[in-house]
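Comments concern the structure below.
In mature numbering (1 follows the signal peptide of the UniProt record, and there is no 0), the protein residues as written are -36 to -1, 1 to 263.
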């Protein structure tokens, strides 16, 4: 378990930006209300977009960045309570046999993670060409939910459908899953694509994502963590905060900043620039999340 003193020790050791997301009336950086009860906080690690199997520019070290990230997470002074990968575990291929080899290779590398459990989501590179069939052979269901110390986590699949939709069946499942929760439950949604329209022409959207957001808006304590766009981005839809994660393979340009979403050039002077993972400190009673960003390796 990670308490606030241990978290501040982690913050002091690491570089990167810290972003506070205040929900349910808690402003960024807000302290607990006077007289608030003690609670059992925790932290987890989010990694995303490893694209195992990718080769060539702009990352000449593509065979090693995932392994470096695993080693860095294993070396954290205070272990997280769980780890989540938010999609694009592997790089896409038209060859079903090669797809399975890449999924198997990814699974073998991340099996070295000391912390359990590890939760996985597919990305479109893993699942769009076969509706997640190969992914499910290695990692199980593409959408599911779980609870951890008072926070309800719901992992959604907005990639197995080639049209970038959740679909009516999954939306009904999400609604039923959340209907079983008290309205004031802290809820964290894990996704690959953004649920909102960040940059639709770049495939940075979910076509029926607004329907999911409309369901989530009925709950006052919701936060979304996603991947796909290979960079940090923080966005609000009503009271819902959406936070994207950096990639483990190459960074992409800011939304709409250039005609194409081509990867940013490799910088040999700073080979890990724009790459990394994050720690998320959760305070369940207030649904306050503190995000600490780290590079693939930590000095």
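Where is the CB? At the ideal position from N, CA and C, for every residue including glycine.
With respect to the C-alpha of residue 89, the residue from 210, 217 and 56 having the closest C-alpha is 56. Residue pairing by DSSP places residue 154 opposite 119 and 189 in a beta bridge. Shown here for residue 199: same chain residues with a beta carbon closer than 6 Å to its own, the five before and five after excluded, namely 206 in chain order.
A distance below 8 Å separates the beta carbons of residue 201 and residue 177.
Within the model, the alpha-carbon separation for residue 214 versus residue 29 is close to 10 Å. The three-state reading of DSSP puts residue 242 in strand, counting E and B together. Taking 8 Å as the cut-off, the beta carbon of residue 80 is found no closer than this to the beta carbon of residue 241. With 16 or more other CB atoms across the displayed protein chains lying within 10 angstroms of its CB, residue 243 is buried. Contact between the segment 4 to 19 and the segment 42 to 62 is present: 3 or more CB-CB pairs across the two stretches fall below 8 Å. Around the beta carbon of residue 38, fewer than 16 other beta carbons sit within 10 angstroms, so the residue counts as exposed.
For residue 111, the beta-bridge partners assigned by DSSP are 116. Take the alpha-carbon of residue 208 and the one of residue 101: they are about 27 Å apart. Just so you know, the alpha carbons of residue 139 and residue 132 end up roughly 11 Å apart.
For residue 127 and residue 16, the gap between their C-alpha atoms comes out near 23 Å.
Residue range 47 to 50 is occupied by the beta strand (DSSP E) that includes residue 50.
In the structure shown, the three-state DSSP call for residue 99 is helix.
Taking C-alpha positions only, residue 34 is separated from residue 14 by approximately 11 Å. Out of 5, 4 and 21, the CA that lies nearest to the CA of residue 227 is found in 21. Between residue 203 and residue 184, the beta carbon gap of about 6 Å places them in contact (Cβ cut-off 8 Å). Contact between residue 156 and residue 104 is ruled out by a C-beta separation of about 16 Å, above the 8 Å threshold.
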